[in-house]
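Student: My structure is below; once you've seen it, I'll send some questions.
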Amino acid sequence: MKRTSIIVPLSLALFSVLMSCEETEETPKPTPVVNVKAHAGTDQDVLPTQVATLDGSASTGNETKTFAWSIVSKPSNSKLTLAQPTAVKPTFTPDIVGYYEFELTVTQGSEKSQDRVRFKVEYKEPVTIDKPINEKTHLVDRFIDHMKPDYLVTKDISVNAELSVAPGVTMAFDRDKALSIEEKGLIDAVGLSENRIRFTGIQLQKGYWAGIKLYSPSAANKMAFVNIEYGAGKIAFTNTKAGLAMFGNKKAQISLTDCLFATNDGYGLYVQTGAVLKDFKRNSFERQSQAGILIDAINATFLDADSKFTGANERDLVEVSSSIIKEGTNVSWPAFKDQTKYRLLGNLEIETGWTLKPGITVEVERDVMISVNRNGYLSAQGTTDKKVVITGVRRNEVYWKGIIIYSVSNQNVIQNAEISGGGSVVIVSGRRANVVAYGKGAKLTIKNTRLTYSGGYGILYTSDADVNSDAATTNTFASNNAANVAKF
């Protein structure tokens with residue numbers, strides 16, 4: 036029997052082989068379909084204290100899915116919590132200005148999906164203040180941008196009740212307008228390091244507004260993380276202008292911590308004799324038209340070493356007005372880390388203890404005298420590397436009147452010090468000197484001190500005074516117009 040041959044085209048055979056191979060490979064499994072997807076809604080702008088709604092209703096999944104809302108971020112001093120974090124549409128009321136971000140987690144079995152939504156919370160317009168504050172008032176932050184004024188003060192405002200100011204508030208004052216905290220009023224302005232309170236001008240010009248006048252004697256007056264800037268445009272008292280002026284005849288008092296006094300057309304702070312700095316820590320003074328601070332001798336004891344008075348002020352000094360340190364109130368002046376000097380503008384009478392800490396420099400104005408009266412004492416004890424310096428405003432010349440000690444206290448000690456420029460005019464009995472111990476029982480121990488540029492004697496004492504016998508040898512002298520040490 037004759038066989039018949041069947042010829043298969045090569046292309047067809049190859050196709051068959053390929054098809055056979057493909058049929059033997061494992062077919063890939065389809066990608067699983069995710070059945071749940073969170074949708075937290077669209078970002079919103081709302082007003083503070085306005086009820087807002089979170090909305091997760093657009094999330095997908097079956098009926099077994101669950102919802103969990105959480106707060107991702109909120110303003111640092113917000114106390115907001117969510118009352119119904121597992122609801123589809125929980126509500127909340129933002130308590131302060133700022134951004135609030137929430138996260139929605141939708142769970143279905145082993146599947147989870149998350150989404151976030153943000154709420155911008157602020158008011159639309161500033162508030163104008165043009166009337167006295169005669170009842171308890173709380174000023175809240177109105178805008179996220181802290182350079183934007185929350186309150187526009189268009190008239191002089193007297194405060195006759197409690198005025199509290201929230202962190203972040205900016206009060207902007209019209210030309211020459213002032214804020215006066217009266218005897219029955221008080222101010223509680225406590226900001227945060229990242230959310231300061233600002234008292235400023237509507238226009239950012241030095242001296243644009245008048246400043247703050249404090250008459251209130253309340254111990255509750257306080258400012259923390261507050262800027263007082265562009266003020267001191269009008270005289271507060273006796274030809275003195277200041278960003279904040281404290282009136283002594285009303286016994287005004289306040290606590291100041293972490294405050295900035297900047298670009299005021301006068302002093303940053305004026306503390307009149309009789310007023311009280313209840314607390315004073317880490318304050319800064321920059322770009323005043325005069326010195327950073329004008330203070331009386333008693334309140335100078337409350338200044339702290341960490342405050343900064345050297346910030347491009349016209350005079351980077353702590354200026355001290357003519358004062359009497361009365362009996363029963365010992366005073367200690369600190370030295371500052373930024374090496375700020377004190378400048379004594381008028382006569383100083385000591386009727387109790389006056390201590391000058393190591394490293395301190397006291398400059399004395401023309402013809403001014405320091406008197407240590409019978410019941411007072413002067414302790415000016417430096418160290419070998421941190422001298423106590425008392426000198427005239429103009430160094431290396433005769434400039435101020437000198438120190439006279441009537442005190443009978445054994446605590447009158449001057450050691451590791453420099454005293455220069457006294458004796459500009461007669462201090463006692465037709466004589467001039469840097470230091471005088473005068474009268475029966477007056478006591479002074481003075482050692483390791485350099486006395487120079489006196490208009491008369493370096494050290495002068497009466498025969499009935501008690502001065503250490505080695506005063507002439509344990510101290511150094513130069514450029515005095517009379518004897519280094521003399522008794523009369």
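Sequential numbering from 36 applies to the sequence shown in the working numbering.
Backbone N, C-alpha and C fix where the C-beta goes; we use that ideal spot for every residue, glycine too.
Which term fits Ala-506, buried or exposed, when burial requires 16 or more other beta carbons within 10 angstroms of its beta carbon?
Tutor: With 16 or more other Cβ atoms within 10 Å, it is buried.
Student: In the structure shown, what three-state DSSP assignment does Phe-320 receive?
Tutor: DSSP places Phe-320 in strand when its eight states are reduced to three.
Student: Whole angstroms are fine: how far does the CA of Pro-167 sit from the CA of Thr-189?
Tutor: When rounded, the distance between both Cα atoms is 11 Å.
Student: Would you mind working out which of Arg-485, Glu-432 and Trp-389 sits nearest Val-460, comparing C-alpha positions?
Tutor: Answer by Cα proximity: Glu-432.
Student: Relative to the C-alpha of Thr-419, which residue among Thr-426, Gly-394 and Gly-388 is closest?
Tutor: The shortest C-alpha separation from Thr-419 is found at Gly-394.
Student: Let me confirm a value: Glu-321 is counted as buried when at least 16 other C-beta atoms fall within 10 Å, else exposed. Which label applies?
Tutor: Buried, by the Cβ-count rule.
Student: So, at 7 Å on beta carbons, what are the nonlocal neighbours of Lys-422 in its own chain, with the 5 sequence-adjacent residues on each side left out?
Tutor: Around Lys-422: Asn-451, Ala-452 and Glu-453.
Student: Determine the DSSP secondary structure at Phe-315, reduced to helix, strand or coil.
Tutor: Correct three-state label for Phe-315: strand.
Student: Around the C-beta of Gln-323, are 16 or more other C-beta atoms found within 10 angstroms, so that it is buried, or is it exposed?
Tutor: Buried, because 16 or more other Cβ atoms sit within 10 Å of the Cβ of Gln-323.
Student: Measuring CA to CA, which of Ile-237, Val-471 and Gly-417 is closest to Lys-212?
Tutor: When each option's Cα is compared against that of Lys-212, the closest is Ile-237.
Student: Please tell me whether Gly-437 and Asn-469 are closer than 7 Å, where the distance is taken between their beta carbons.
Tutor: A contact, by the Cβ cut-off of 7 Å.
Student: Given 8 Å as the limit, is there contact between the region 402-413 and the region 367-378, that is, 3 or more CB pairs closer than that?
Tutor: Touching, no, given that fewer than three Cβ pairs across the two stretches are closer than 8 Å.
Student: Just the C-alpha distance for Tyr-496 and Gly-388, rounded to the nearest angstrom, thanks.
Tutor: Using only the alpha carbons, I get a separation of about 21 Å.
Student: Looking at the unbroken beta strand (DSSP E) that takes in Thr-142, where does it start and where does it end?
Tutor: Its beta strand (DSSP E) spans residues 133-143.
Student: With distances taken from CA atoms, which of Val-353, Gln-325, Thr-345 and Ala-326 is nearest Thr-336?
Tutor: Nearest of Val-353, Gln-325, Thr-345 and Ala-326 to Thr-336, Cα basis: Val-353.
Student: Does DSSP classify Gly-226 as helix, strand or coil?
Tutor: It is coil, neither helix nor strand.
Student: Given a threshold of 16 other Cβ atoms within 10 Å of its Cβ, counted over all protein chains shown, does Asp-293 qualify as buried or as exposed?
Tutor: With 16 or more Cβ atoms within 10 Å of its Cβ, Asp-293 is classed as buried.
Student: Given a threshold of 16 other Cβ atoms within 10 Å of its Cβ, counted over all protein chains shown, does Val-194 qualify as buried or as exposed?
Tutor: Val-194 should be labelled buried.
Student: Is the beta carbon of Val-306 less than 7 Å from the beta carbon of Ile-333?
Tutor: Contact flag unset, no.
Student: For a minimum of 3 consecutive residues, which ranges assigned as the beta strand (DSSP E) are wholly contained in the region 383-461?
Tutor: Those beta strand (DSSP E) runs which fall completely within the region 383-461 and span 3+ residues are 383-385, 388-391, 396-399, 404-407, 412-416, 423-427, 437-440, 448-450 and 452-455.
Student: If Leu-486 and Asn-445 are in contact, beta carbons under 8 Å, what's the gap, nearest whole angstrom?
Tutor: 21 Å between Cβ atoms; not a contact.
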